[in-house]
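So the protein sequences, as listed, match chains A and P. Using the working numbering, the letters of the first sequence correspond one by one to residues 13 to 198. Using the working numbering, the letters of the second sequence correspond one by one to residues 13 to 198. Note that beta-carbon positions come from the ideal geometry of N, C-alpha and C, so glycine has one too. These numbers come from a predicted model, not from an experiment. Working notes for the structure below.
There are 2 protein chains.
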Amino acid sequence: MKNGTYHHGNLKAELIEKGLEYIDRYGAESLSMRKLADAAGVSCAAPYAHFKNKDAFLDEVQEYITGQFLEALTESEKNCSDRSQLMLGLGICYVKFFSENPLYYRFLFNGRINDFKTYPPFVFFEKAAEEWLDAKPADSHYVILALWSMVHGLAQMVTIRGVVDTDHLEDEVGSIMRSVRIGENG
Amino acid sequence: MKNGTYHHGNLKAELIEKGLEYIDRYGAESLSMRKLADAAGVSCAAPYAHFKNKDAFLDEVQEYITGQFLEALTESEKNCSDRSQLMLGLGICYVKFFSENPLYYRFLFNGRINDFKTYPPFVFFEKAAEEWLDAKPADSHYVILALWSMVHGLAQMVTIRGVVDTDHLEDEVGSIMRSVRIGENG
DNA sequence: CTACAATCTTAACACTGATAAGATTACAGC
DNA sequence: GCTGTAATCTTATCAGTGTTAAGATTGTAG
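Given below as structure tokens:
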């Protein structure tokens, strides 16, 4: 190894960063701790000083991506001037996030997130939908599940080439979401 | 090995069957060719006489599950007396299939199916939706994507304990699907 | 400056997918 | 029946993986 670098100094952060890059390019399936250690110029056992095991490492990567995702949703809500268009805006944001990082979708929603009820982006979406739907609270539970399912399913669809035209993503998602009507508000 | 069993006689089929069982119980992530070979009482290299590699094996398993899925959808359509309720019935069937085999969802839709446009169950669903929507062909494209997204997203939701009450799955899915209205038909 | 904790390396283990070389068996054609 | 060929299987063997143990190096608090 290089002289004077026995202590990397920033290994944990670098591994997470390299992990994000790798997942974004090649997906999490072929990611290995050894490759990341190699890329960081460190021995194959070094990562285990910072992470209990591979799963714990991937959990931290997941949390980082979730943070980015949540930030995008928060920003989208903040920039929404017409509250009647809130769900549309959030839906587009939701789909757009995974359209730009298709492999993130697979990484997150393949067993890693196994409790939507407490998953922050879903909680955020749920809360925004409740607020948006306050006129008709009776069946809001089902409406929210319907809305979330549609947006979430759309996100998966978009991660696959050819089904949705990603060059005009906002228009496409808008057209799809507008093609169904939600209660009196839709 | 046991005497007189040098030629297994039915190894390919048995491996696929054991693969289905394994994925159903533990998921595809931890499935290994060696474990299946062991379970079939055969050496670790034997499977490679029948499958080019692990991926080709999983593809055959995928095709089998897809066949079962398609069969369920076909059966559901056949048993639909009131055509106006067709999409509801197919949606319930779609969700129910993965509710009964949650790990199949993860196996199928985690990179293994990467072209919905030609994926038989989706083509089936699309065709049924088109027929159902023939009154308003103008925006049928978007309506179909909206419907499929919702049902598909719902299926994922159901594979996770707690979000949807699987004891009353049909009612729940019905309530969710009915909470949005599709054009004049919905 | 010293003890301790954090960090890293080296070496090893079991498990994985995969291939090559050779053994065994089924079977078609004679 | 016999024989040759193809299919099937076993026995090594390889590189790659996650992970741990033991020990070396270094930052840092006292």
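Using the Cα positions of residue i and residue j, report the straight-line distance between them to the nearest angstrom.
i, j, result
"residue 47 of chain A", "residue 26 of chain A", "13 angstroms"
"residue 61 of chain P", "residue 73 of chain P", "16 angstroms"
"residue 165 of chain P", "residue 169 of chain A", "10 angstroms"
"residue 192 of chain A", "residue 176 of chain P", "22 angstroms"
"residue 144 of chain A", "residue 113 of chain A", "28 angstroms"
"residue 197 of chain A", "residue 59 of chain A", "Any reading at residue 197 of chain A must be qualified, since the residue scores a pLDDT of 43, below 50, and its modelled position is unreliable; no value is offered."
"residue 14 of chain P", "residue 52 of chain P", "A caution first: residue 14 of chain P carries a pLDDT of 44, below 50, which makes its placement in the model unreliable, though a value can still be read off. Each residue's alpha carbon lies about 12 angstroms from the other."
"residue 98 of chain A", "residue 140 of chain A", "8 angstroms"
"residue 38 of chain P", "residue 111 of chain P", "15 angstroms"
"residue 162 of chain A", "residue 33 of chain A", "29 angstroms"
"residue 63 of chain A", "residue 76 of chain A", "15 angstroms"
"residue 158 of chain P", "residue 66 of chain P", "35 angstroms"
"residue 190 of chain P", "residue 132 of chain A", "27 angstroms"
"residue 93 of chain A", "residue 100 of chain A", "12 angstroms"
"residue 151 of chain P", "residue 78 of chain A", "34 angstroms"
"residue 35 of chain A", "residue 122 of chain P", "14 angstroms"
"residue 56 of chain P", "residue 142 of chain P", "48 angstroms"
"residue 153 of chain A", "residue 23 of chain A", "44 angstroms"
"residue 125 of chain A", "residue 155 of chain A", "22 angstroms"
"residue 129 of chain P", "residue 174 of chain A", "8 angstroms"
"residue 28 of chain A", "residue 49 of chain A", "11 angstroms"
"residue 31 of chain P", "residue 186 of chain A", "41 angstroms"
Check the Cβ of residue i against every Cβ in chain P and list those closer than 9 angstroms, keeping chain order.
i, result
"residue 122 of chain A", "41, 118, 121, 122 and 123"
"residue 19 of chain A", "None at all; the shortest Cβ gap to chain P is about 35 angstroms."
Please list, in chain order, the chain P residues whose beta carbon lies closer than 7 angstroms to that of residue i.
i, result
"residue 128 of chain A", "169, 172 and 175"
"residue 111 of chain A", "Ordered by position in chain P, no residue passes the 7 angstroms Cβ test against residue 111 of chain A, which lies about 14 angstroms from the chain."
Give the interface partners of residue i over in chain P, defined as CB-CB distance under 8 angstroms, in chain order.
i, result
"residue 62 of chain A", "By Cβ distance, chain P contributes nothing, its closest Cβ being about 23 angstroms from residue 62 of chain A, past 8 angstroms."
"residue 2 of chain A", "Not covered by the structure: residue 2 of chain A. The range shown for chain A is 13 to 198."
Going by DSSP, what residues sit across from residue i in a beta bridge?
i, result
"residue 192 of chain A", "P:194"
Note down, in chain order, every chain A residue with its Cβ under 9 angstroms from the Cβ of residue i.
i, result
"residue 155 of chain P", "188, 191 and 192"
- Message: What are the residues in the region 131-153 of chain P lying within 7 angstroms of chain A by C-beta distance?
- Response: 151
- Where the region 82-109 of chain A meets chain P: residues whose CB sits under 9 angstroms from a CB there: none
- Task: With 8 angstroms as the limit, tell me which residues of the region 21-52 of chain A have their beta carbon closer than that to any beta carbon of chain P; keep them in chain order.
- Result: 39 and 41
- Could you tell me whether the region 32-50 of chain A touches the region 63-78 of chain A, where touching means 3 or more Cβ pairs closer than 8 angstroms? yes
- Relative to chain A, which residues along the region 56-80 of chain P have a C-beta separation below 8 angstroms, given in chain order? none
- Query: At a cut of 8 angstroms, does the region 82-98 of chain P reach the region 117-126 of chain P through at least three beta carbon pairs?
  - Reply: no
- Query: Is the region 171-190 of chain P touching the region 90-107 of chain P, taking contact as three or more C-beta pairs under 8 angstroms?
  - Reply: yes
- Item | Sufficient close CB pairs (3 or more, under 8 angstroms) joining the region 128-140 of chain A to the region 86-100 of chain A | yes
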